[in-house]
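First comes the structure, then the notes that go with it.
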Amino acid sequence: DAGVIQSPRHEVTEMGQEVTLRCKPISGHDYLFWYRQTMMRGLELLIYFNNNVPIDDSGMPEDRFSAKMPNASFSTLKIQPSEPRDSAVYFCASTWGNTEAFFGQGTRLTVV
Amino acid sequence: TQLLEQSPQFLSIQEGENLTVYCNSSSVFSSLQWYRQEPGEGPVLLVTVVTGGEVKKLKRLTFQFGDARKDSSLHITAAQPGDTGLYLCAGEDSSYKLIFGSGTRLLVRP
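Going down the list, the protein sequences come from chains E and Y. Mapped onto this note's numbering, the consecutive letters of the first sequence carry residue numbers 14 to 125. Mapped onto this note's numbering, the consecutive letters of the second sequence carry residue numbers 63 to 172.
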């Protein structure tokens, strides 16, 4: 397996624009996590899914953020409208039950 | 709210020195994991500890899970420049929710 695949690797967008981050988890994994990493706040859990169903979205900062997992092999994190304070590295990770979390390489988002 | 606090936040040491990183919480976790992250990459798992009081060794790294399963430590013996990186602890609760600590940024100088 190629591991967790995230796209794009880098995204620069203007304030107010919609941003969509994509994630392909490892085949067979039943949990998918979205994290945001900044120097100030570290690695924050935004939302996680089990078998494509959102389990806990209490970490989503506000209504501008939404996440979907239409099937077992794809998830998106959308920010609309984006703001400069959303600039961060966004990671997707997948696990099978309580085993090791495998991370993608992340998407570095810059909102100007 | 589950929180994991790591200390120290930053550590700069000379090659050959020993160090210990701490991970503390008021919550009980089903397991605790330690990850290492390098620039431009996602975190990579080093070890998972599950049983209270458990000690695991990975070459020069020793990991311990507290008896009450609320805290953990990572001890590195004779640190090398290759150990430089961001070390993260992560606690997993009974619903498989995985939350991360604030991280310890380690620099080992040659």
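C-beta atoms are modelled at their ideal positions from N, C-alpha and C, and glycine is treated no differently. Note that the structure is a prediction, hence the values are computed from the model and not measured.
Report yes if the C-beta distance between residue i and residue j is below 8 Å; otherwise report no.
{"i": "glycine 115(Y)", "j": "aspartate 133(Y)", "result": "no"}
{"i": "leucine 59(E)", "j": "tyrosine 48(E)", "result": "yes"}
{"i": "glutamine 142(Y)", "j": "valine 170(Y)", "result": "yes"}
{"i": "phenylalanine 91(Y)", "j": "glycine 153(Y)", "result": "yes"}
{"i": "glycine 163(Y)", "j": "glutamate 67(Y)", "result": "yes"}
{"i": "phenylalanine 87(E)", "j": "isoleucine 39(E)", "result": "no"}
{"i": "serine 69(Y)", "j": "tyrosine 84(Y)", "result": "yes"}
{"i": "asparagine 63(E)", "j": "tyrosine 44(E)", "result": "yes"}
{"i": "alanine 80(E)", "j": "leucine 90(E)", "result": "yes"}
{"i": "phenylalanine 46(E)", "j": "leucine 168(Y)", "result": "no"}
Would you mind sorting residue i into buried or exposed? The rule is 16 or more other CB atoms within 10 Å of its CB.
{"i": "lysine 77(Y)", "result": "The sequence as given places glutamate at residue 77(Y); lysine does not occur at that position. With fewer than 16 Cβ atoms within 10 Å of its Cβ, glutamate 77(Y) is classed as exposed."}
{"i": "leucine 65(Y)", "result": "exposed"}
{"i": "aspartate 99(E)", "result": "buried"}
{"i": "valine 17(E)", "result": "buried"}
{"i": "glycine 41(E)", "result": "exposed"}
{"i": "alanine 15(E)", "result": "exposed"}
{"i": "serine 95(E)", "result": "buried"}
{"i": "glutamine 19(E)", "result": "buried"}
{"i": "arginine 122(Y)", "result": "exposed"}
If you draw a straight line from the C-alpha of residue i to the C-alpha of residue j, how long is it?
{"i": "proline 172(Y)", "j": "alanine 140(Y)", "result": "12 Å"}
{"i": "proline 101(Y)", "j": "glycine 119(E)", "result": "11 Å"}
{"i": "serine 108(E)", "j": "threonine 166(Y)", "result": "In the sequence under discussion, the amino acid at residue 108(E) is threonine, which differs from the serine named in the question. The straight-line gap from Cα to Cα measures roughly 24 Å."}
{"i": "valine 124(E)", "j": "proline 67(E)", "result": "26 Å"}
{"i": "alanine 106(E)", "j": "glutamine 95(Y)", "result": "14 Å"}
{"i": "valine 112(Y)", "j": "tyrosine 103(E)", "result": "28 Å"}
{"i": "glycine 117(E)", "j": "asparagine 111(E)", "result": "18 Å"}
{"i": "glutamine 50(E)", "j": "glutamine 99(Y)", "result": "12 Å"}
{"i": "leucine 120(Y)", "j": "valine 106(Y)", "result": "14 Å"}
{"i": "aspartate 76(E)", "j": "cysteine 36(E)", "result": "20 Å"}
{"i": "leucine 136(Y)", "j": "glutamate 103(Y)", "result": "21 Å"}
{"i": "asparagine 80(Y)", "j": "glutamine 126(Y)", "result": "16 Å"}
{"i": "serine 93(Y)", "j": "serine 87(Y)", "result": "13 Å"}
{"i": "proline 21(E)", "j": "alanine 85(E)", "result": "19 Å"}
{"i": "aspartate 70(E)", "j": "glutamine 93(E)", "result": "17 Å"}
Can you check whether the C-beta of residue i is within less than 8 Å of a C-beta belonging to chain Y?
{"i": "glycine 55(E)", "result": "yes"}
{"i": "isoleucine 92(E)", "result": "no"}
{"i": "alanine 15(E)", "result": "no"}
{"i": "phenylalanine 78(E)", "result": "no"}
{"i": "leucine 45(E)", "result": "no"}
{"i": "aspartate 99(E)", "result": "no"}
{"i": "tyrosine 103(E)", "result": "no"}
{"i": "alanine 114(E)", "result": "yes"}
Against chain E, with Cβ distances strictly below 8 Å, would residue i count as a contact?
{"i": "glutamate 100(Y)", "result": "no"}
{"i": "isoleucine 161(Y)", "result": "yes"}
{"i": "leucine 150(Y)", "result": "yes"}
{"i": "tyrosine 84(Y)", "result": "no"}
Check the Cβ of residue i against every Cβ in chain C and list those closer than 8 Å, keeping chain order.
{"i": "serine 93(Y)", "result": "Of the chains in the structure shown, none is chain C; the protein chains are E and Y."}
Touching or not, the stretch 49 to 57 of chain E and the stretch 18 to 31 of chain E, by the rule of three or more beta carbon pairs under 8 Å? no
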